[in-house]
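Engineer: Numbering (this note's numbering), first residue to last: 904 to 1230.
We put the beta carbon where it would ideally sit given N, CA and C, even for glycine.
Structure representation (C-alpha coordinates):
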(Lines of atoms letter the chains of each structure in order from A and count residues from 1; the text may use other names and numbers.)
(Lines give C-alpha, C1' and ligand atoms only; values in the text may rest on other atoms or scores of the structure.)
Protein backbone atom coordinates (compact mmCIF):
# COMPACT_ATOMS: atom_id res chain seq x y z
CA UNK A 1 0.00 0.00 0.00
CA UNK A 2 2.85 2.41 0.88
CA UNK A 3 4.52 1.69 -2.47
CA UNK A 4 1.24 2.31 -4.31
CA UNK A 5 0.78 5.65 -2.53
CA UNK A 6 4.35 6.74 -3.33
CA UNK A 7 3.95 5.87 -7.00
CA UNK A 8 0.63 7.70 -7.14
CA UNK A 9 2.28 10.81 -5.70
CA UNK A 10 5.17 10.61 -8.19
CA UNK A 11 2.75 10.21 -11.08
CA UNK A 12 0.63 13.13 -9.84
CA UNK A 13 3.67 15.40 -9.46
CA UNK A 14 5.05 14.73 -12.94
CA UNK A 15 1.71 14.65 -14.75
CA UNK A 16 1.07 18.46 -14.92
CA UNK A 17 4.45 18.98 -16.61
CA UNK A 18 3.69 16.20 -19.05
CA UNK A 19 0.29 17.69 -19.89
CA UNK A 20 1.80 21.11 -20.60
CA UNK A 21 4.44 19.63 -22.90
CA UNK A 22 1.87 17.50 -24.69
CA UNK A 23 -0.62 20.34 -25.19
CA UNK A 24 2.07 22.54 -26.75
CA UNK A 25 3.27 19.90 -29.19
CA UNK A 26 0.07 17.97 -29.94
CA UNK A 27 -0.66 19.76 -33.24
CA UNK A 28 2.51 18.28 -34.75
CA UNK A 29 1.31 14.69 -34.53
CA UNK A 30 -2.47 14.93 -34.05
CA UNK A 31 -3.17 13.00 -37.27
CA UNK A 32 -0.19 10.62 -37.21
CA UNK A 33 -1.12 7.04 -38.05
CA UNK A 34 -0.39 4.23 -35.60
CA UNK A 35 1.17 1.80 -38.05
CA UNK A 36 0.73 -1.95 -37.49
CA UNK A 37 1.18 -2.22 -33.72
CA UNK A 38 2.59 -5.58 -32.65
CA UNK A 39 0.98 -7.61 -29.86
CA UNK A 40 2.71 -10.59 -28.26
CA UNK A 41 0.15 -13.01 -26.86
CA UNK A 42 0.28 -16.42 -25.24
CA UNK A 43 -0.23 -18.28 -21.96
CA UNK A 44 1.87 -17.14 -19.00
CA UNK A 45 5.24 -18.88 -18.77
CA UNK A 46 5.17 -19.79 -22.47
CA UNK A 47 8.09 -17.58 -23.53
CA UNK A 48 6.31 -14.30 -24.25
CA UNK A 49 8.74 -12.35 -22.05
CA UNK A 50 11.72 -13.78 -23.92
CA UNK A 51 10.35 -12.70 -27.31
CA UNK A 52 9.31 -9.32 -25.91
CA UNK A 53 12.76 -8.63 -24.50
CA UNK A 54 14.48 -9.63 -27.74
CA UNK A 55 12.26 -7.51 -29.99
CA UNK A 56 12.64 -4.58 -27.57
CA UNK A 57 16.21 -4.26 -28.88
CA UNK A 58 14.95 -3.30 -32.34
CA UNK A 59 15.55 0.43 -32.94
CA UNK A 60 12.19 0.98 -34.66
CA UNK A 61 10.03 -0.35 -31.83
CA UNK A 62 8.55 1.51 -28.87
CA UNK A 63 7.50 -0.50 -25.82
CA UNK A 64 6.39 0.22 -22.28
CA UNK A 65 9.22 0.21 -19.74
CA UNK A 66 9.60 -0.03 -16.00
CA UNK A 67 9.63 3.77 -15.95
CA UNK A 68 6.16 3.81 -17.51
CA UNK A 69 4.95 1.62 -14.65
CA UNK A 70 6.04 4.40 -12.29
CA UNK A 71 4.50 7.28 -14.28
CA UNK A 72 1.87 5.74 -16.61
CA UNK A 73 0.10 9.08 -17.09
CA UNK A 74 3.22 10.86 -18.35
CA UNK A 75 3.92 9.62 -21.89
CA UNK A 76 5.93 12.65 -23.04
CA UNK A 77 8.24 12.82 -20.01
CA UNK A 78 8.91 9.08 -19.87
CA UNK A 79 9.46 8.76 -23.63
CA UNK A 80 11.79 11.76 -23.81
CA UNK A 81 13.80 10.54 -20.83
CA UNK A 82 14.11 7.03 -22.28
CA UNK A 83 15.24 8.48 -25.61
CA UNK A 84 17.99 10.39 -23.85
CA UNK A 85 19.08 7.33 -21.87
CA UNK A 86 19.12 5.11 -24.97
CA UNK A 87 21.63 7.44 -26.63
CA UNK A 88 23.98 6.91 -23.71
CA UNK A 89 23.44 3.15 -23.54
CA UNK A 90 25.95 0.93 -25.38
CA UNK A 91 24.31 -1.53 -27.78
CA UNK A 92 26.09 -4.33 -25.90
CA UNK A 93 23.90 -3.56 -22.88
CA UNK A 94 20.65 -4.51 -24.54
CA UNK A 95 17.62 -6.31 -23.17
CA UNK A 96 17.00 -10.00 -22.67
CA UNK A 97 14.69 -11.94 -20.35
CA UNK A 98 16.16 -13.21 -17.08
CA UNK A 99 15.73 -17.03 -16.92
CA UNK A 100 13.71 -18.33 -13.98
CA UNK A 101 11.98 -15.01 -13.28
CA UNK A 102 8.47 -13.81 -14.03
CA UNK A 103 8.31 -11.04 -16.65
CA UNK A 104 11.73 -9.61 -15.81
CA UNK A 105 14.45 -8.54 -18.23
CA UNK A 106 17.94 -7.24 -17.65
CA UNK A 107 19.02 -3.83 -18.87
CA UNK A 108 18.56 -0.20 -17.88
CA UNK A 109 14.84 0.71 -17.88
CA UNK A 110 13.91 -2.70 -19.34
CA UNK A 111 10.63 -3.58 -21.07
CA UNK A 112 7.70 -4.10 -18.75
CA UNK A 113 4.14 -5.40 -18.91
CA UNK A 114 3.27 -2.07 -17.27
CA UNK A 115 0.16 -3.17 -15.40
CA UNK A 116 -0.73 0.40 -14.31
CA UNK A 117 -1.07 1.36 -17.99
CA UNK A 118 -3.46 -1.47 -18.80
CA UNK A 119 -5.34 -1.14 -15.52
CA UNK A 120 -6.41 2.35 -16.60
CA UNK A 121 -8.01 0.90 -19.73
CA UNK A 122 -9.53 -2.35 -18.50
CA UNK A 123 -10.20 -1.22 -14.92
CA UNK A 124 -9.73 -4.66 -13.38
CA UNK A 125 -8.91 -3.36 -9.91
CA UNK A 126 -6.49 -5.43 -7.85
CA UNK A 127 -6.04 -9.15 -7.30
CA UNK A 128 -7.69 -8.77 -3.89
CA UNK A 129 -10.63 -6.90 -5.40
CA UNK A 130 -11.06 -7.87 -9.05
CA UNK A 131 -13.69 -5.48 -10.36
CA UNK A 132 -14.48 -7.13 -13.70
CA UNK A 133 -15.91 -10.56 -14.48
CA UNK A 134 -12.80 -11.84 -16.24
CA UNK A 135 -10.07 -10.76 -18.68
CA UNK A 136 -12.07 -11.48 -21.84
CA UNK A 137 -12.88 -8.40 -23.96
CA UNK A 138 -14.30 -8.13 -27.49
CA UNK A 139 -15.11 -5.42 -30.02
CA UNK A 140 -18.31 -4.78 -28.05
CA UNK A 141 -16.18 -3.35 -25.24
CA UNK A 142 -14.52 -0.79 -27.53
CA UNK A 143 -15.84 2.76 -27.14
CA UNK A 144 -14.89 5.91 -29.03
CA UNK A 145 -13.37 7.21 -25.80
CA UNK A 146 -11.10 4.15 -25.47
CA UNK A 147 -10.06 4.30 -29.13
CA UNK A 148 -9.29 8.02 -28.99
CA UNK A 149 -7.33 7.62 -25.75
CA UNK A 150 -5.18 4.84 -27.23
CA UNK A 151 -4.34 6.81 -30.36
CA UNK A 152 -3.70 10.07 -28.52
CA UNK A 153 -1.44 8.40 -25.95
CA UNK A 154 0.55 6.37 -28.48
CA UNK A 155 1.06 9.33 -30.82
CA UNK A 156 2.73 11.19 -27.96
CA UNK A 157 4.89 8.21 -27.03
CA UNK A 158 6.02 7.61 -30.61
CA UNK A 159 6.74 11.28 -31.25
CA UNK A 160 8.86 11.79 -28.12
CA UNK A 161 10.65 8.46 -28.39
CA UNK A 162 11.49 8.87 -32.08
CA UNK A 163 10.19 5.36 -32.81
CA UNK A 164 8.03 4.20 -35.73
CA UNK A 165 6.12 1.20 -34.39
CA UNK A 166 4.64 -0.02 -31.11
CA UNK A 167 5.30 -3.35 -29.40
CA UNK A 168 3.05 -4.61 -26.57
CA UNK A 169 3.17 -7.66 -24.33
CA UNK A 170 0.86 -8.44 -21.42
CA UNK A 171 -0.64 -11.92 -20.85
CA UNK A 172 -4.19 -10.60 -20.50
CA UNK A 173 -4.05 -9.37 -24.10
CA UNK A 174 -4.35 -13.03 -25.13
CA UNK A 175 -8.05 -12.78 -24.28
CA UNK A 176 -8.47 -9.45 -26.06
CA UNK A 177 -7.67 -10.21 -29.71
CA UNK A 178 -11.09 -9.08 -30.92
CA UNK A 179 -10.91 -5.94 -28.78
CA UNK A 180 -7.43 -5.03 -30.02
CA UNK A 181 -8.27 -5.77 -33.64
CA UNK A 182 -11.26 -3.44 -33.41
CA UNK A 183 -9.08 -0.63 -32.05
CA UNK A 184 -6.14 -1.33 -34.39
CA UNK A 185 -7.44 -2.87 -37.66
CA UNK A 186 -3.91 -3.52 -38.95
CA UNK A 187 -2.50 -4.85 -35.67
CA UNK A 188 -0.13 -7.84 -35.83
CA UNK A 189 -0.42 -10.76 -33.38
CA UNK A 190 2.56 -12.93 -32.45
CA UNK A 191 1.42 -16.00 -30.52
CA UNK A 192 4.16 -17.72 -28.52
CA UNK A 193 3.49 -21.37 -27.73
CA UNK A 194 5.57 -23.78 -25.67
CA UNK A 195 5.66 -27.50 -24.98
CA UNK A 196 2.44 -27.80 -22.89
CA UNK A 197 4.06 -29.95 -20.20
CA UNK A 198 6.97 -27.54 -19.70
CA UNK A 199 4.53 -24.61 -19.81
CA UNK A 200 2.33 -26.36 -17.25
CA UNK A 201 5.20 -27.08 -14.84
CA UNK A 202 6.42 -23.49 -15.00
CA UNK A 203 2.92 -22.10 -14.52
CA UNK A 204 2.28 -24.32 -11.49
CA UNK A 205 5.56 -23.15 -9.96
CA UNK A 206 4.56 -19.50 -10.51
CA UNK A 207 1.17 -20.11 -8.93
CA UNK A 208 2.69 -21.83 -5.91
CA UNK A 209 5.14 -18.98 -5.35
CA UNK A 210 2.31 -16.44 -5.49
CA UNK A 211 0.05 -15.51 -2.61
CA UNK A 212 -2.90 -15.13 -4.95
CA UNK A 213 -5.72 -17.66 -5.07
CA UNK A 214 -5.74 -17.64 -8.87
CA UNK A 215 -2.52 -16.23 -10.26
CA UNK A 216 -2.41 -15.19 -13.91
CA UNK A 217 -4.90 -14.62 -16.72
CA UNK A 218 -8.46 -14.53 -15.43
CA UNK A 219 -10.08 -16.93 -17.89
CA UNK A 220 -13.89 -16.98 -18.10
CA UNK A 221 -15.15 -18.94 -15.09
CA UNK A 222 -11.93 -18.50 -13.10
CA UNK A 223 -13.77 -17.85 -9.83
CA UNK A 224 -15.13 -21.41 -9.91
CA UNK A 225 -11.58 -22.69 -9.41
CA UNK A 226 -10.37 -20.48 -6.56
CA UNK A 227 -10.15 -23.48 -4.24
CA UNK A 228 -9.02 -25.96 -6.90
CA UNK A 229 -5.51 -27.47 -6.86
CA UNK A 230 -2.91 -25.30 -8.60
CA UNK A 231 -2.32 -28.09 -11.13
CA UNK A 232 -5.96 -28.00 -12.26
CA UNK A 233 -5.97 -24.19 -12.37
CA UNK A 234 -2.82 -24.18 -14.51
CA UNK A 235 -3.90 -26.76 -17.06
CA UNK A 236 -7.30 -25.09 -17.49
CA UNK A 237 -5.63 -21.70 -17.96
CA UNK A 238 -3.47 -23.13 -20.71
CA UNK A 239 -6.31 -25.01 -22.39
CA UNK A 240 -8.88 -22.21 -22.31
CA UNK A 241 -6.46 -19.44 -23.23
CA UNK A 242 -5.32 -21.38 -26.30
CA UNK A 243 -8.93 -22.15 -27.25
CA UNK A 244 -9.91 -18.49 -27.00
CA UNK A 245 -6.89 -17.31 -29.01
CA UNK A 246 -7.66 -19.76 -31.83
CA UNK A 247 -11.36 -18.92 -31.88
CA UNK A 248 -10.92 -15.15 -31.72
CA UNK A 249 -8.21 -15.05 -34.37
CA UNK A 250 -10.74 -16.61 -36.75
CA UNK A 251 -13.70 -14.53 -35.62
CA UNK A 252 -11.73 -11.27 -35.81
CA UNK A 253 -10.57 -12.15 -39.32
CA UNK A 254 -6.89 -11.59 -38.57
CA UNK A 255 -5.38 -14.86 -39.79
CA UNK A 256 -3.17 -13.01 -42.27
CA UNK A 257 -1.86 -10.86 -39.40
CA UNK A 258 -1.29 -13.78 -37.03
CA UNK A 259 1.96 -15.72 -36.58
CA UNK A 260 2.46 -18.62 -34.18
CA UNK A 261 5.99 -18.85 -32.80
CA UNK A 262 7.38 -21.84 -30.91
CA UNK A 263 9.38 -21.02 -27.81
CA UNK A 264 11.71 -23.88 -28.67
CA UNK A 265 12.46 -22.33 -32.06
CA UNK A 266 13.51 -19.11 -30.34
CA UNK A 267 15.90 -20.91 -28.01
CA UNK A 268 17.21 -23.41 -30.60
CA UNK A 269 17.56 -21.07 -33.59
CA UNK A 270 17.17 -17.49 -32.35
CA UNK A 271 18.58 -15.70 -35.39
CA UNK A 272 16.57 -17.64 -37.95
CA UNK A 273 13.38 -17.40 -35.89
CA UNK A 274 13.75 -13.66 -35.23
CA UNK A 275 14.41 -13.04 -38.91
CA UNK A 276 11.15 -14.81 -39.75
CA UNK A 277 9.27 -12.76 -37.16
CA UNK A 278 10.76 -9.46 -38.31
CA UNK A 279 9.92 -10.19 -41.92
CA UNK A 280 6.33 -11.00 -40.93
CA UNK A 281 6.12 -7.69 -39.04
CA UNK A 282 7.61 -5.67 -41.90
CA UNK A 283 10.86 -4.95 -40.05
CA UNK A 284 14.49 -5.40 -41.05
CA UNK A 285 17.20 -7.15 -39.07
CA UNK A 286 19.15 -4.89 -36.71
CA UNK A 287 22.64 -5.47 -35.36
CA UNK A 288 21.22 -4.55 -31.94
CA UNK A 289 19.66 -8.02 -31.87
CA UNK A 290 23.01 -9.76 -32.25
CA UNK A 291 24.07 -8.92 -28.72
CA UNK A 292 20.71 -9.97 -27.26
CA UNK A 293 20.61 -13.43 -28.82
CA UNK A 294 24.08 -14.21 -27.47
CA UNK A 295 22.55 -14.53 -24.00
CA UNK A 296 19.91 -17.07 -25.02
CA UNK A 297 20.44 -20.47 -23.47
CA UNK A 298 18.81 -23.61 -24.81
CA UNK A 299 17.79 -25.59 -21.73
CA UNK A 300 16.38 -29.08 -22.09
CA UNK A 301 12.83 -29.18 -20.79
CA UNK A 302 10.94 -32.11 -19.34
CA UNK A 303 8.23 -33.70 -21.45
CA UNK A 304 7.35 -36.22 -18.75
CA UNK A 305 4.40 -35.98 -16.39
CA UNK A 306 5.44 -35.35 -12.78
CA UNK A 307 4.12 -37.73 -10.17
CA UNK A 308 0.82 -37.18 -8.42
CA UNK A 309 -1.13 -35.61 -11.30
CA UNK A 310 -4.81 -36.46 -11.64
CA UNK A 311 -6.01 -38.29 -14.73
CA UNK A 312 -8.05 -35.21 -15.68
CA UNK A 313 -4.94 -33.03 -15.78
CA UNK A 314 -2.93 -35.67 -17.64
CA UNK A 315 -5.63 -36.11 -20.27
CA UNK A 316 -5.84 -32.37 -20.96
CA UNK A 317 -2.06 -32.17 -21.29
CA UNK A 318 -1.98 -35.16 -23.65
CA UNK A 319 -4.65 -33.52 -25.80
CA UNK A 320 -2.74 -30.21 -25.91
CA UNK A 321 0.52 -31.95 -26.80
CA UNK A 322 -1.16 -33.77 -29.66
CA UNK A 323 -2.97 -30.69 -30.95
CA UNK A 324 0.11 -28.50 -31.05
CA UNK A 325 2.63 -31.05 -32.26
CA UNK A 326 4.41 -31.93 -29.03
CA UNK A 327 3.35 -35.57 -28.71
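What is the residue span of the beta strand (DSSP E) that residue 1078 lies within?
Structural biologist: As a first step, residue 1078 must be located in the chain shown, where it is residue number 175. Run containing residue 1078: none; DSSP gives neither H nor E here.
Engineer: If you follow the beta strand (DSSP E) that residue 1163 is part of, which residue opens it and which one closes it?
Structural biologist: Position 260 of the chain shown, counted from the start, is the residue given in the question as residue 1163. That run of the beta strand (DSSP E) goes 1161–1165.
Engineer: For residue 975, is the classification buried or exposed, using 16 other Cβ atoms within 10 angstroms of its Cβ as the cut-off for buried?
Structural biologist: Position 72 of the chain shown, counting from 1, holds the residue named residue 975. With 16 or more Cβ atoms within 10 Å of its Cβ, residue 975 is classed as buried.
Engineer: In the DSSP output, which residue or residues are listed as bridge partners for residue 1117?
Structural biologist: Here the question's residue 1117 lines up with position 214 in the chain shown. DSSP lists no beta-bridge partner residue for residue 1117.
Engineer: Within a Cβ cutoff of 7 Å, which residues of the same chain sit near residue 995, ignoring the five residues on either side of it in sequence?
Structural biologist: Walking along the chain shown from the start, residue 995 turns up at place 92. Any reading at residue 995 must be qualified, since the residue scores a pLDDT of 49, below 50, and its modelled position is unreliable; the value itself is stated next. Within the same chain, residue 995 has close Cβ partners 1194.
Engineer: Leaving out five residues before and five after residue 1129 in sequence, what residues of the same chain have Cβ atoms less than 6 Å from its Cβ?
Structural biologist: The residue labelled residue 1129 in the question sits at position 226 within the chain shown. Once the five neighbours on either side are set aside, the close Cβ partners of residue 1129 are 1116, 1117.
Engineer: On the criterion of 16 or more Cβ atoms from any shown chain inside 10 Å, does residue 1066 qualify as buried, or is it exposed?
Structural biologist: Here residue 1066 is taken as the residue at index 163 of the chain shown, counted from 1. Buried, since its Cβ has 16 or more Cβ neighbours within 10 Å.
Engineer: Applying the 10 Å Cβ sphere with the 16-neighbour rule, what's the burial state of residue 1154?
Structural biologist: Mapped onto the chain shown, residue 1154 falls at position 251. Residue 1154 comes out exposed.
Engineer: Let me make sure I understand the geometry here. Which of 1081, 958, 937, 947 has the alpha-carbon closest to that of residue 1180?
Structural biologist: Numbered from its first residue, the chain shown carries residue 1180 at position 277. Measuring C-alpha to C-alpha distances from residue 1180 to each of 1081, 958, 937, 947 identifies 958 as the nearest.
Engineer: Exposed or buried, what is residue 1134 when buried is set at 16 or more other beta-carbons lying within 10 Å of its beta-carbon?
Structural biologist: The sequence position of residue 1134 within the chain shown is 231, counting from 1. When all chains shown are included, residue 1134 counts as buried.
Engineer: Taking the runs of the beta strand (DSSP E) that are 3 residues or longer, which of them lie wholly in the stretch 964–995?
Structural biologist: Entirely contained in the stretch 964–995, not one beta strand (DSSP E) run reaches 3 residues.
Engineer: Using the DSSP secondary-structure output, state which residues sit across from residue 1014 in a beta bridge.
Structural biologist: Start at 1 with the first residue of the chain shown, and residue 1014 comes out as number 111. Looking at the DSSP assignment, residue 1014 forms a beta bridge with 968.
Engineer: Could you spell out the range, first to last residue, of the beta strand (DSSP E) harbouring residue 1092?
Structural biologist: Counting from 1 along the chain shown, the entry for residue 1092 is found at position 189. That run of the beta strand (DSSP E) goes 1091–1096.
Engineer: Report yes or no: do the stretch 1051–1061 and the stretch 976–988 share at least 3 C-beta pairs separated by less than 8 Å?
Structural biologist: yes
Engineer: Ordered along the chain, which non-local residues of its own chain (more than five positions away) have a Cβ less than 8 Å from that of residue 1157?
Structural biologist: Stepping through the chain shown from its first residue, residue 1157 is reached at position 254. Once the five neighbours on either side are set aside, the close Cβ partners of residue 1157 are 1080, 1084, 1090, 1092.
Engineer: Return the CA-CA distance between residue 1029 and residue 1040, expressed in angstroms with no decimal places.
Structural biologist: Here residue 1029 corresponds to residue number 126 of the chain shown, with the count starting at 1. Here residue 1040 corresponds to residue number 137 of the chain shown, with the count starting at 1. Taking the straight line joining both Cα atoms gives about 18 Å.
Engineer: Quick one: what does DSSP say residue 1144 is sitting in, helix, strand or coil?
Structural biologist: Walking along the chain shown from the start, residue 1144 turns up at place 241. Three-state result, residue 1144: helix.
Engineer: Decide if residue 1047 is buried, meaning its Cβ has at least 16 other Cβ atoms within 10 Å, or exposed.
Structural biologist: Residue mapping note: residue 1047 aligns to position 144 of the chain shown, counting from 1. That one is exposed.
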